[in-house]
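Quick note, the sequences are listed as chains A and B, same order. Anchor point for the first sequence: position 468 equals 484 in the numbering used here, and the numbering is continuous, going up by one each time. Anchor point for the second sequence: position 19 equals 603 in the numbering used here, and the numbering is continuous, going up by one each time. Each remark here refers to the structure printed beneath this line.
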Amino acid sequence: MDIAYQIPRLALLWVLSSVLLVVLPHVLRLPAWITVLALACIIWRLLIFVGRANYPGKLVKAVLVMVVLPLTVVQTRAQGVGVDAAVTLLLLGVVFKLLEMQYKRDIVIVIALCYVLIMVGFIYSQTIPASLYSLMSATVITGALISLNRDNARNTFANNSRLAARIVLQAIPLTIVLFVLVPRVSPLWTMPLPVSQTRTGITDEMTPGDISSLGRSAELAFRVSFDGAAPAHQQLYWRGLVLDFFDGRTWRRAGSSFLSFNMVSRSASPSRGIGQGTPVAYDVILEPTQQTWLYALQLAELNAQDIAQDRNYTLQTSKPISQRMRYQVRSYLENQTDLELTGTQLARSLQMPEDDNNPLSLAMAQEWRATSSGDREYVQQVMSHFREEQFYYTLNPPLLSEASIDDFLFNTREGFCGHYAGTFVYLMRAAGIPARVVVGYQGGEYNRFEDYTMVYQYNAHAWAEVWFEGEGWVQFDPTGAVAPERISLGVEAVFADQPGFMEDSGFSMMRFRDYQWLNTLRLRLDALDYAWNRWVVSYDEDLQLDLMDELFGENARSGLMIALGIGTSLFFGIVAFFMLRGGRGAARDPATRLYLTLAADLAELGIPRRVGEGAGDYCRRVAMERPDLASDMEQVTRVYEQLSYASGGRQDDTELQSLLEEFRKVLRGMRLRLLSRSKRVGLTLSELGRSR
Amino acid sequence: MNPVNAISFWFARKAQLWLAKKVPVVSSISLHRKNIFILPTTHGLLFAAATILVFVTAINYILSLAFALAFLMVSVFVLSILHAFRNLQHLNVRAAGAEPVFAGEDATFVILLQRNAGRFHEILELFFPKGLTSHANLLDGDQERVNVYLPTHRRGLLKAPRLRVQTRFPLGLWCAWSTLDLGMSCLVYPAPVASTMPGAVTASHSGKAESTHPGTEDFHGLRSYQPGDSLKHVAWKNLARGQGLKVKQFVDNVDDRFMLDWEMYHGLDTEERLSRLCYWVLSLSRSNVEYGLRLPGVDIPIGRGDAHRERLLSALALWNLKVAHDQGREHGGEGTWT
Numbered sequence: 017m018d019i020a021y022q023i024p025r026l027a028l029l030w031v032l033s034s035v036l037l038v039v040l041p042h043v044l045r046l047p048a049w050i051t052v053l054a055l056a057c058i059i060w061r062l063l064i065f066v067g068r069a070n071y072p073g074k075l076v077k078a079v080l081v082m083v084v085l086p087l088t089v090v091q092t093r094a095q096g097v098g099v100d101a102a103v104t105l106l107l108l109g110v111v112f113k114l115l116e117m118q119y120k121r122d123i124v125i126v127i128a129l130c131y132v133l134i135m136v137g138f139i140y141s142q143t144i145p146a147s148l149y150s151l152m153s154a155t156v157i158t159g160a161l162i163s164l165n166r167d168n169a170r171n172t173f174a175n176n177s178r179l180a181a182r183i184v185l186q187a188i189p190l191t192i193v194l195f196v197l198v199p200r201v202s203p204l205w206t207m208p209l210p211v212s213q214t215r216t217g218i219t220d221e222m223t224p225g226d227i228s229s230l231g232r233s234a235e236l237a238f239r240v241s242f243d244g245a246a247p248a249h250q251q252l253y254w255r256g257l258v259l260d261f262f263d264g265r266t267w268r269r270a271g272s273s274f275l276s277f278n279m280v281s282r283s284a285s286p287s288r289g290i291g292q293g294t295p296v297a298y299d300v301i302l303e304p305t306q307q308t309w310l311y312a313l314q315l316a317e318l319n320a321q322d323i324a325q326d327r328n329y330t331l332q333t334s335k336p337i338s339q340r341m342r343y344q345v346r347s348y349l350e351n352q353t354d355l356e357l358t359g360t361q362l363a364r365s366l367q368m369p370e371d372d373n374n375p376l377s378l379a380m381a382q383e384w385r386a387t388s389s390g391d392r393e394y395v396q397q398v399m400s401h402f403r404e405e406q407f408y409y410t411l412n413p414p415l416l417s418e419a420s421i422d423d424f425l426f427n428t429r430e431g432f433c434g435h436y437a438g439t440f441v442y443l444m445r446a447a448g449i450p451a452r453v454v455v456g457y458q459g460g461e462y463n464r465f466e467d468y469t470m471v472y473q474y475n476a477h478a479w480a481e482v483w484f485e486g487e488g489w490v491q492f493d494p495t496g497a498v499a500p501e502r503i504s505l506g507v508e509a510v511f512a513d514q515p516g517f518m519e520d521s522g523f524s525m526m527r528f529r530d531y532q533w534l535n536t537l538r539l540r541l542d543a544l545d546y547a548w549n550r551w552v553v554s555y556d557e558d559l560q561l562d563l564m565d566e567l568f569g570e571n572a573r574s575g576l577m578i579a580l581g582i583g584t585s586l587f588f589g590i591v592a593f594f595m596l597r598g599g600r601g602a603a604r605d606p607a608t609r610l611y612l613t614l615a616a617d618l619a620e621l622g623i624p625r626r627v628g629e630g631a632g633d634y635c636r637r638v639a640m641e642r643p644d645l646a647s648d649m650e651q652v653t654r655v656y657e658q659l660s661y662a663s664g665g666r667q668d669d670t671e672l673q674s675l676l677e678e679f680r681k682v683l684r685g686m687r688l689r690l691l692s693r694s695k696r697v698g699l700t701l702s703e704l705g706r707s708r
Numbered sequence: 585m586n587p588v589n590a591i592s593f594w595f596a597r598k599a600q601l602w603l604a605k606k607v608p609v610v611s612s613i614s615l616h617r618k619n620i621f622i623l624p625t626t627h628g629l630l631f632a633a634a635t636i637l638v639f640v641t642a643i644n645y646i647l648s649l650a651f652a653l654a655f656l657m658v659s660v661f662v663l664s665i666l667h668a669f670r671n672l673q674h675l676n677v678r679a680a681g682a683e684p685v686f687a688g689e690d691a692t693f694v695i696l697l698q699r700n701a702g703r704f705h706e707i708l709e710l711f712f713p714k715g716l717t718s719h720a721n722l723l724d725g726d727q728e729r730v731n732v733y734l735p736t737h738r739r740g741l742l743k744a745p746r747l748r749v750q751t752r753f754p755l756g757l758w759c760a761w762s763t764l765d766l767g768m769s770c771l772v773y774p775a776p777v778a779s780t781m782p783g784a785v786t787a788s789h790s791g792k793a794e795s796t797h798p799g800t801e802d803f804h805g806l807r808s809y810q811p812g813d814s815l816k817h818v819a820w821k822n823l824a825r826g827q828g829l830k831v832k833q834f835v836d837n838v839d840d841r842f843m844l845d846w847e848m849y850h851g852l853d854t855e856e857r858l859s860r861l862c863y864w865v866l867s868l869s870r871s872n873v874e875y876g877l878r879l880p881g882v883d884i885p886i887g888r889g890d891a892h893r894e895r896l897l898s899a900l901a902l903w904n905l906k907v908a909h910d911q912g913r914e915h916g917g918e919g920t921w922t
């Protein structure tokens, strides 16, 4: 066996650490048995390393595969063939490879797989901490490669770390250039995405009380940055879904979601929605929701292939949003929608529960409508009712009985936005006015550090839309009638002291928003995260071309290629220049270096060494001009010549070292005497120290 | 010669000529941009494959940070060219001679590596094509002597093929190498073959004198082991005491002047004769006798001493090599013989 194919011992520790580092982030996600197996394999390999165990025999390997294979199949059946299954197989491949890792090639395969595992981690998380962790792992893997190829005395932890860090640091500028400038292409084929079972945020059902549970969460829903000034807080109604079917307790989407997914383009029927005035343009980065709808202000307009607008002007995607998603929207805050309703729409907007058991509310609505002069007046009457009667806006509403509307209107009178919106729409429909519930978010917190608005789960909200003949849909928010500060200031201002608010977020920095500096820190951190998401994580072809447009105007695409060429060669050139410069002078042995410092001192005394002058000749000249230095100089020269002779003749090391030590001593003695005799030389003690 | 061979031969020839021009024969050379070549290793190709996998996945999953990882890998891959190059750059390679060997032994070429100020060279590999690889590091000292071995098969003047100095440090992804013709050669003596001396031809022009002659009768003393010595005579006790490999010397008291002659081994072919003569040159040189050599066209008078022995061995090594010359060409890979 050629020694070159064997593994330096230290390299193995590096490789095992690399594997541990890249496996660790997956541990929480994967089933426990895989974690246990991975750890067992790493420990086994460690035991082989210290000589306490042997490589597994054929039988053990066969048994391992026979046991693990069915487990994997069972797991795949449970989770479906997807990314998770692929990750499991990859991970098992790596840890099993560890056990038969004997030659360099095996290690290089493991190292290559480690890089792939880092990449797989990004499918699940692309946050700043995850990225920094991955960068560290990549550095350790580089260190493993170095250790593998450094079978000499320098193969130490410190040396390898230093070199690995240096290589990675040198690579980072080039990486950034490539990241920014390499043209992004669209996916070659579609890939399964990891599907998380936990859906966060607003759902497509609303039972009074549901949304209040979101009030307990301080998780981020999405972030918005406006081109220009942000609209006022009370205008920020982020529409998510329209719920137009009521069964007496729960609001749902009418029909199946597929049927309501009706891709009607507005341009085909211009009477449906008309925007007026200047639109507000903004950019949304939505956290993964695992749902298929997006949030925007009414009336939204956007150009994106995979986003459609349905009949209710909500934005729908074809696949659940499992990763952070970025989209750009323009909204006409002044708008007119649906001057005419189709038969289906009208029926849906007037639908009442089949076995309605709210006789009091129904009677009240019909009575009020009969006494009012028009739909508008009736709506105002209902709003006044909420405003003037003893209704309370609370995060912890009491439970309602079967007859939920009656119970709420005449009995409990304490509710969250869902109660008010649902009751309001019920009252409208009871009076024969088309109306529907809209769920989404209201408001948001402005972050001045990056100029954007953060919308949290506790901003979740429900409101209503009422249809008037000749006007179309008009938005009403009964919650605003009950608690106007909820709309103008935000939910935080109302609930800051209520028990339960942000309760589920545990130790969240949000709780300490009263402390100025902590709040600033929180905003800054979020701003950093936002900038990271906006400029790094969602950096794509569009953003790339926008950037190039700004730099090169019309020739964005060719400009991109030119910039790429120049950028890469520039940064490669800089690294090459600093790495390859110098090194032309012959190496000087320590004795010569010391001798030259003495020559420099003597030069200051006016006896410079001539070009090409031998040590002996120089010594005689110095002795002649300065007889007081003669004996010192002769001694120094003698040892120096001995040393030069010795290092040429390859005597053994210890002898050379002792000679060198002697040389240092005589040299130091001579320089000390130089100092004491001649202050003029300007030698200081610190300079003397250098000669050591 | 079939066409494929002809073409590959033509290319090899062209490559040789190009190399001869680019890296000419010198006994001392400093490595720089023009004589260092770099290509990826198999490990490098594996790394590149992993990079491509990461890149394609990044495209398909639209993962910005996977793009970043792929680009980091590309950058590390590309920049490690510089590191591998730097590890050879300004390395001074100097031929420092080669001791003669007997055919069949490994010729040992001594290479002196010197570093420049501020440069260190790690994990250098030096080898001749088909030869063993020697490793070297230039970290502490300014210079390092490295023995590079090349197997020998027959007597003659072995001209060293191009020496390959290469490194895969630091990441093993690239191999930077230089292939140098330092103009070194090694004298290869015939392999000694023990034999009896048929009808010892003694020197004719001088009288006989009582002297010692290597033999088996009387113990004469110890001397250092030399190739061709019988293991029966090795002084194992001395070896065990750590006094090195010694051989017990026995002598017969016989005539002390010998003329080794081509005709002594009449009937054997050239190389067999030379090998036997070689054995006797070695044997006689160990005893305190005078000896000479007579080959067709070569007549070395009787003498003694190390220089005399070398002279005889050289004569044996180089005798009538014009025939062998062309054979050597075919074995271009293992060096040229003259």
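Heads up, the beta-carbon is just placed ideally off N, CA and C, and yes, glycines get one too. Note that the structure is predicted; figures quoted are calculated from it, not measured.
So, is I59 (chain A) buried or exposed, given that buried needs 16 or more other C-beta atoms within 10 angstroms? Position 43 of the first sequence, counted from the first residue, corresponds to residue 59 (chain A). The residue in question, I59 (chain A), is exposed, as its Cβ has fewer than 16 Cβ neighbours within 10 Å.
Output, in sequence order along the chain, the residues in the region 571–595 of chain A whose CB is closer than 8 Å to any CB in chain C. The structure shown contains no chain C; the protein chains it does contain are A and B.
Neighbour flag for N589 (chain B) against chain A, beta carbons, 8 Å: As a position in the second sequence, residue 589 (chain B) is number 5, starting the count at 1. Not one chain A Cβ lies under 8 Å of N589 (chain B).
Between which two residues does the beta strand (DSSP E) containing L844 (chain B) stretch? Indexing the second sequence from 1 puts residue 844 (chain B) at position 260. In the DSSP assignment, L844 (chain B) falls within the beta strand (DSSP E) that extends over 841–845.
Only counting the same chain, and skipping five residues up and downstream in sequence, which positions put a Cβ closer than 6 Å to that of M444 (chain A)? In the first sequence, counting from the first residue as 1, residue 444 (chain A) sits at position 428. Hits under 6 Å: A451, V482.
Would R748 (chain B) count as contacting chain A if we go by Cβ distances under 8 Å? To locate residue 748 (chain B), count along the second sequence from 1; it is residue 164. R748 (chain B) does not count as touching chain A.
Quick one: grab the DSSP three-state call for A499 (chain A). The residue given as residue 499 (chain A) occupies position 483 in the first sequence. Residue state, collapsed to three classes: coil.
Does G702 (chain B) come within less than 8 Å of chain A when only Cβ atoms are used? As a first step, residue 702 (chain B) must be located in the second sequence, where it is residue number 118. It does: the Cβ of G702 (chain B) has a partner Cβ on chain A nearer than 8 Å.
Going by DSSP, what residue range makes up the beta strand (DSSP E) through K743 (chain B)? Walking along the second sequence from the start, residue 743 (chain B) turns up at place 159. Counted as a single uninterrupted DSSP element, the beta strand (DSSP E) harbouring K743 (chain B) occupies residues 740–743.
Would you say the beta carbon of T266 (chain A) is closer than 7 Å to some non-hydrogen atom of the ligand FAD? Ligands displayed in this structure: none; no statement on the ligand FAD is therefore possible.
In three-state terms, what does DSSP make of A775 (chain B)? As a first step, residue 775 (chain B) is located in the second sequence; it is residue number 191 there, counting from the start. Coil, per DSSP.
Go ahead and label N549 (chain A) buried or exposed: buried means 16 or more other beta carbons lie within 10 angstroms of its beta carbon, across all protein chains shown. Counting from one through the first sequence, the residue named residue 549 (chain A) turns up at place 533. Around the beta carbon of N549 (chain A), 16 or more other beta carbons lie within 10 angstroms, which makes this residue buried.
Y4 (chain A) - partner residues in DSSP beta bridges: Here chain A comprises residues numbered 17 to 708, so residue 4 (chain A) is not present and cannot be evaluated.
When you compare the CB positions of A744 (chain B) and L734 (chain B), do they come within less than 8 Å of one another, or not? Taking the first residue of the second sequence as 1, we reach residue 744 (chain B) at position 160. Taking the first residue of the second sequence as 1, we reach residue 734 (chain B) at position 150. Note that the C-beta distance between A744 (chain B) and L734 (chain B) is below 8 Å.
Measuring CB to CB, does T625 (chain B) end up less than 8 Å from G756 (chain B)? If you number the second sequence from 1, residue 625 (chain B) lands on position 41. If you number the second sequence from 1, residue 756 (chain B) lands on position 172. Going by C-beta atoms, T625 (chain B) is nearer than 8 Å to G756 (chain B).
When burial is assigned at 16 or more other CB atoms within 10 Å of the CB, is S592 (chain B) buried or exposed? What you label residue 592 (chain B) is simply residue 8 of the second sequence in a count that begins at 1. S592 (chain B) should be labelled exposed.
What residues in its chain sit with their C-beta under 7 Å from that of F588 (chain A), if we drop five residues either side in the sequence? Taking the first residue of the first sequence as 1, we reach residue 588 (chain A) at position 572. The beta carbon of F588 (chain A) is closer than 7 Å to those of L190 in its chain, skipping five residues each way along the sequence.
Any C-beta of chain A sitting closer than 8 Å to the C-beta of L755 (chain B)? Here residue 755 (chain B) is taken as the residue at index 171 of the second sequence, counted from 1. Contact of L755 (chain B) with chain A is assigned, a C-beta pair being separated by under 8 Å.
Between the alpha carbons of Y409 (chain A) and S388 (chain A), how many angstroms are there, rounded? As a first step, residue 409 (chain A) is located in the first sequence; it is residue number 393 there, counting from the start. As a first step, residue 388 (chain A) is located in the first sequence; it is residue number 372 there, counting from the start. One C-alpha to the other measures close to 27 Å.
What did DSSP end up calling E641 (chain A) once you bin it into helix, strand or coil? For the purposes of this step, residue 641 (chain A) is identified with residue 625 of the first sequence, where counting begins at 1. Per DSSP, reduced to three states, the secondary structure at E641 (chain A) is helical.
Compare the C-beta of Y611 (chain A) against all C-beta atoms of chain B and say whether one is closer than 8 Å. If you number the first sequence from 1, residue 611 (chain A) lands on position 595. Not closer than 8 Å to any Cβ of chain B, the Cβ of Y611 (chain A) fails to qualify, so no.
Checking 8 Å against the spacing of the C-beta atoms, do L236 (chain A) and A476 (chain A) come in under that value? Mapped onto the first sequence, residue 236 (chain A) falls at position 220. Mapped onto the first sequence, residue 476 (chain A) falls at position 460. With contacts defined by Cβ atoms closer than 8 Å, L236 (chain A) and A476 (chain A) do not form a contacting pair.
Whole angstroms are fine: how far does the CA of L621 (chain A) sit from the CA of R684 (chain A)? If you number the first sequence from 1, residue 684 (chain A) lands on position 668. If you number the first sequence from 1, residue 621 (chain A) lands on position 605. Their Cα atoms are separated by approximately 17 Å.
Inspect the beta-carbon positions of M154 (chain A) and L656 (chain B) and report whether they are closer than 8 Å. On the first sequence, residue 154 (chain A) is found 138 positions in, with the first residue counted as 1. On the second sequence, residue 656 (chain B) is found 72 positions in, with the first residue counted as 1. Reading the sequence as shown, one finds Ala at residue 154 (chain A) and not Met. Yes, these two residues count as a Cβ contact at 8 Å.
Under 7 Å by beta carbon: chain B residues contacting R601 (chain A): Position 585 of the first sequence, counted from the first residue, corresponds to residue 601 (chain A). According to the sequence displayed, residue 601 (chain A) carries Gly and not Arg. Those are N700, A701, listed as they occur along chain B.
Per-residue contacts from W267 (chain A) into chain B (C-beta, under 9 Å): If you number the first sequence from 1, residue 267 (chain A) lands on position 251. In chain order: nothing, as chain B lies at least about 35 Å away.
Identify whether E620 (chain A) lies in helix, strand or coil by the three-state DSSP scheme. Here residue 620 (chain A) refers to the residue found at position 604 when the first sequence is read from its first residue. Looking at E620 (chain A) - three-state DSSP - the assignment turns out to be helix.
At 7 Å on the CB atoms, spell out the chain A contacts of S762 (chain B), in chain order. If you number the second sequence from 1, residue 762 (chain B) lands on position 178. Here the premise fails: no neighbours, minimum Cβ distance about 15 Å.
Straight-line Cα distance separating G887 (chain B) from Y863 (chain B): The residue labelled residue 863 (chain B) in the question sits at position 279 within the second sequence. The residue labelled residue 887 (chain B) in the question sits at position 303 within the second sequence. Their backbone Cα atoms lie some 17 Å apart in a straight line.
Nearest-angstrom Cα distance between M82 (chain A) and V156 (chain A)? In the first sequence, the residue the question calls residue 82 (chain A) occupies position 66. In the first sequence, the residue the question calls residue 156 (chain A) occupies position 140. Rounded to whole angstroms, the separation of the alpha carbons of V156 (chain A) and M82 (chain A) is 33 Å.
Cut-off 7 Å between Cβ atoms - residues of its own chain near E466 (chain A), not counting five sequence neighbours on either side: Locating residue 466 (chain A) in the first sequence gives position 450, counting from the first residue. Once the five neighbours on either side are set aside, the close Cβ partners of E466 (chain A) are A543, Y546, A547.
If contact means a Cβ-Cβ distance below 8 Å, which residues of the region 154–169 of chain A contact chain B? Closer than 8 Å at the C-beta level to chain B, one finds these residues of the region 154–169 of chain A: A154, T158, L161, I162, L164, N165, R166, D167, N168, A169.
If you drop the 5 nearest sequence neighbours on each side, which residues of the same chain put their C-beta closer than 7 Å to that of E709 (chain B)? One-based indexing of the second sequence puts residue 709 (chain B) at position 125. Closer than 7 Å at the Cβ level, and outside the excluded window around E709 (chain B), lie T717, H719, Q750, T751.
Quick one: what's K830 (chain B) bridged to in DSSP? On the second sequence, residue 830 (chain B) is found 246 positions in, with the first residue counted as 1. According to DSSP, which records beta bridges pairwise, K830 (chain B) is partnered with B:S808.
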